[in-house]
Amino acid sequence: MTRPLQRPKRKDPLKKTRVPLLPQGVRSRTALGLTAAAAEGRFRLQVCADCAAVIYPPRDACPRCLSARLPFRDVDNRGTLLAETTIRTSTDVYFRERMPWRIGTVQLDAGPSIVAHLHGDLREGERTRLQLKIDKSGQAIAMALPAEDTPNMADDPQWRELTCDPKFRRVLITDGRTAVGQALAEAVSEAGASVIFVGVADPWKPFPGEGRLRKIERVEIVALDLTDTISVNECAGEFAPRVDILINTAEYVRTGGLIDRKGLTVAREELEMRYFGLTRLAQAFGPVLRARGADGVNSAAAFVNLLSVYALVNWPAYGAFSATEAACLSAAQSLRAELRQGGVKVLNAFFGPLETEWYQAVPPPKVAPSALARAVVRALQQGLEDVFVGDIAEDIRARLAVDPKALERELGS
Amino acid sequence: MGAPDLLAFAGAVAAGDIEVVDLTHTLSPDFPTIVMPPELGQCAPFRMEEVSRYDERGSAWYWNNISMGEHTGTHFDAPVHWISGKDLANNSVDTIPAANFIAPAAVIDISRQSAANADYELTVADVTAWEKQHGRIPPRSWVLLRTDWSKKIGRDYVNMREDGQHTPGPCPEVVRFLVEERDLHGLGTETIGTDAGQAFHFNPPYPAHYYMHGKGRYGLQCLANLDLLPPTGAVIVAAPLKIRRGSGSPLRVLALVPRSHA
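Residue numbers (the working numbering), protein chains in the order written: chain A, -10 to 402; chain B, 18 to 279.
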């Protein structure tokens, strides 16, 4: 049984912070299909389109029929742990400081056998669920879990190395004025975050939900205005070394495309809040996050972007807004590569219209702020890179994979 | 009469016989701006981006790029700011005659009333009572409303409630009176706006803006240190930036106050 994680002690200021090291992260182009699946928490392997063989490791030709048609498909992740090994020493600098490390061979019911990292509650001969996870290098590895959930299983050290669990971590929510920011403060508090810093801009302006926000356990309000470089730098100066997970809840939702908006005042505010806000956060908090990726139980773990799914394809009814979200998505991809050097993940949560005032005229289905918050916390607990929240986001994700042009035209109707 | 002796004036400033009182708040990102309903256009707050600071972006020099709305911080309102002044001659900051940037001030103290009632409205009776004590307001004078509001900070300064802002200002009649009967130069306030916080509900809405700018008069807002001025005798130097067709601008507002050394 997994020993429950203990709240980490305050850090000894005389101790050097360890440089984040990464496991080997080179994969073949074909093997990146596993990384893509792991990013979204799917279990996908190559399945031969000609002979239906399930293939692992990834290959460019089917070992059974030599077909080159080997798309990645969702497959059954159940299997049996055939053999296990505990590694006690290694020349690899990443694993060397994480010994002992358990690995084993899993025979999948679907066919192939896979060498996987092992959860502490799994023993040789037992049934297992295999998951593809993104490791600190940003690549997919396989992790074998017990067939059924066990107590405190999220606290397993090998598992926690792959996730961004808010438990005992310190979280910054960048904008507490929004319903989503407040829902997230509540959700990460419930998930066991040890402190939740919540940024509030323009403190002279009252906002709905303020009373409730202040009452959430372990919430501390901090001055933070994402449209103001000085404010972001000052907040980072004071708090960045104590931020393990940064969740950017900045929001700026306005209707209209390019022609309907008169002038650039709104577009500028939108970019200031969203694109430049993200840039300011990256510059102010990124260096410390990246340096603290291996800083113990509460190491820096994740930078979370909340993105409209219309970042992926423009919705002309909210056309200029979609363009700004697209800029944020592109920036998030760059940030992901930049933070990866420190073993810190970038989680992008995509969602359709929210159940909030700025989507008032949009018919359901809409995503409740609390549902988005829960999905973000789940994704952190799973260590995902991309999560699609709600029917609209999932639908757009699916249709983009089939025919992006058709989707563009449909959204423009 | 000979030419005025400006050297004597400069000497008096240097000697402190004329005190220069700064009526300006520091321009900073966290100074509140006026708030419109969110679906309307908003005045940009002050922002500053470092260009270089003796570093790789410029090794021996420090400088910033700044941005803001015309009506951010301590600022000047030109007549073109309001619809009632839109067709007047010389109604924008670049065309206002430069001599108009220097004018005497009458300081009316309603700080006691404002402390008791955040929605206090300056009335004609207040002005006539003031005149009984200090004499008739000379033509082309700034009327500065001392409310001590500039001593408040943050939420208390803006005083935003669910039904809007609550800050003192003039009632419609007194603005008309000052403009038409006293040939007011302009109105200066310590609050965000020359009008009261609730002036949207007045008739006409925002009477200070409507009547003053309709007659080509000016506004000064977010002033500080009005408590350091005498009721009469101060001269205000308030020259906005020369922005082409600008409706206003942040500026440094100085009051020249003669000091008698008793």
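Beta carbons: idealized from backbone N, C-alpha and C, even for Gly.
Do you know offhand how far residue i's Cα is from residue j's?
i, j, result
"H108(A)", "E209(A)", "35 Å"
"T238(A)", "S297(A)", "12 Å"
"G169(B)", "V293(A)", "The sequence given here has Lys at residue 169(B), not Gly. In a straight line, the C-alpha of K169(B) is about 38 Å away from that of V293(A)."
"E261(A)", "N303(A)", "20 Å"
"L267(A)", "T41(B)", "33 Å"
"F219(B)", "R158(A)", "53 Å"
"A300(A)", "I119(B)", "53 Å"
"A390(A)", "D136(B)", "59 Å"
"P155(B)", "L201(B)", "8 Å"
"A406(A)", "I205(A)", "Lying outside -10 to 402, the shown extent of chain A, residue 406(A) is not represented and no answer is given."
"F26(B)", "N117(B)", "19 Å"
"R129(B)", "A32(B)", "34 Å"
"R62(A)", "A27(A)", "12 Å"
"P155(A)", "Q182(B)", "40 Å"
"Y83(A)", "R281(A)", "15 Å"
"V37(B)", "E148(B)", "25 Å"
"R18(A)", "T94(A)", "24 Å"
"G371(A)", "A143(A)", "Correcting the residue type first, residue 371(A) is Gln in the shown sequence and not Gly. When rounded, the distance between both Cα atoms is 9 Å."
"A212(A)", "K394(A)", "43 Å"
"A407(A)", "V232(A)", "Nothing in the structure corresponds to residue 407(A), since chain A is present only between -10 and 402."
"G200(A)", "V333(A)", "33 Å"
"P46(B)", "F93(B)", "18 Å"
"L278(A)", "V286(A)", "14 Å"
"D164(A)", "D392(A)", "35 Å"
Pull up the DSSP beta-bridge partners for residue i, would you.
i, result
"A209(A)", "Checking the sequence, you will find Glu at residue 209(A) rather than Ala. DSSP, once it has assigned bridges, lists F186(A) as partnering E209(A)."
"F292(A)", "L235(A), V335(A)"
"K403(A)", "With chain A represented from -10 up to 402, any question about residue 403(A) goes unanswered, as that position is not in the structure."
"P267(B)", "H92(B)"
"G75(B)", "D72(B)"
"R404(A)", "Lying before the first or after the last residue shown, residue 404(A) is absent from chain A, which here runs from -10 to 402."
"D126(B)", "R163(B)"
"R64(B)", "S84(B)"
"D39(B)", "L271(B)"
"A105(A)", "G93(A)"
"C73(A)", "First, the residue type needs correcting, since residue 73(A) is Glu and not Cys in the sequence shown. For E73(A), which the question treats as bridged, DSSP gives the partners G93(A)."
"P121(B)", "V252(B)"
"T117(A)", "G68(A), P135(A)"
"D375(A)", "N337(A)"
"P187(B)", "L139(B)"
"M177(B)", "Q182(B)"
"Q282(B)", "In the structure displayed, chain B extends from 18 to 279; residue 282(B) sits before or after that span and is not available."
Which bits of chain B does residue i rub up against, with CB to CB less than 7 Å?
i, result
"D217(A)", "P46, R64"
"E199(A)", "The premise fails here: E199(A) is roughly 11 Å from chain B at the closest Cβ pair, so nothing lies under 7 Å."
"L220(A)", "Per the sequence presented here, residue 220(A) reads as Ser, with Leu not at that position. Those within 7 Å of S220(A) in chain B are P46."
Check whether the Cβ of residue i lies closer than 7 Å to any Cβ atom in chain E.
i, result
"T254(A)", "Of the chains in the structure shown, none is chain E; the protein chains are A and B."
List the residues of chain A whose Cβ lies closer than 9 Å to the Cβ of residue i, in chain order.
i, result
"Q59(B)", "T254, V255, E258"
"V52(B)", "D191, K194"
Going along chain B in order, which residues have a C-beta closer than 9 Å to the C-beta of residue i?
i, result
"D214(A)", "P46, D47, P62"
Is residue i a contact residue of the ligand ADP, with contact defined as CB to any heavy atom under 6 Å?
i, result
"A25(B)", "Among the ligands in the structure shown, none appear at all, so the ligand ADP cannot be discussed."
- Would you check if the stretch 271 to 281 of chain A and the stretch 217 to 231 of chain A touch, i.e. whether three or more CB-CB distances between them fall below 8 Å? yes
- Query: When you check each C-beta in the stretch 148 to 176 of chain B against every C-beta of chain A, which residues fall closer than 7 Å?
  - Reply: G171, R172, Y174, V175
- Query: For the stretch 220 to 253 of chain B, which residues have a beta carbon sitting closer than 7 Å to at least one beta carbon of chain A?
  - Reply: none
- Message: For the stretch 181 to 197 of chain A, list every residue whose C-beta sits within 8 Å of some C-beta in chain B, in sequence order.
- Response: D191, P192, W193, K194, P195
- Determine, using beta-carbon pairs with one atom in the stretch 340 to 359 of chain A and one in the stretch 161 to 174 of chain A, whether at least three such pairs fall under 8 Å. yes
- Message: Does the contact criterion of 3 or more C-beta pairs under 8 Å hold for the stretch 46 to 58 of chain B versus the stretch 264 to 276 of chain B?
- Response: no
- Three or more beta-carbon pairs under 8 Å between the stretch 24 to 38 of chain A and the stretch 46 to 53 of chain A, yes or no? yes
- Task: Mind the definition here: the stretch 75 to 85 of chain B touches the stretch 94 to 110 of chain B only if three or more C-beta pairs lie below 8 Å; say whether that holds.
- Result: no
- Query: Do the stretch 88 to 96 of chain A and the stretch 64 to 77 of chain A touch if we need at least three Cβ pairs shorter than 8 Å?
  - Reply: yes
- Query: Does the stretch 179 to 188 of chain A come close enough to the stretch 249 to 257 of chain A that 3 or more CB-CB pairs lie under 8 Å?
  - Reply: no
- Can at least three beta-carbon pairs, one atom from the stretch 109 to 127 of chain B and one from the stretch 239 to 249 of chain B, be found at a separation below 8 Å? yes
- Query: Counting Cβ pairs closer than 8 Å, one from the stretch 318 to 326 of chain A and one from the stretch 341 to 351 of chain A, do we hit at least three?
  - Reply: no
- Is the stretch 11 to 19 of chain A touching the stretch 108 to 128 of chain A in the sense that three or more CB pairs, one from each, lie closer than 8 Å? yes
- Query: Counting pairs of beta carbons, one from the stretch 254 to 267 of chain B and one from the stretch 393 to 402 of chain A, are three or more of them closer than 8 Å?
  - Reply: no
- Task: Answer yes if the stretch 171 to 191 of chain B comes into contact with the stretch 206 to 224 of chain B, meaning at least three C-beta pairs across the two stretches below 8 Å, and no otherwise.
- Result: yes
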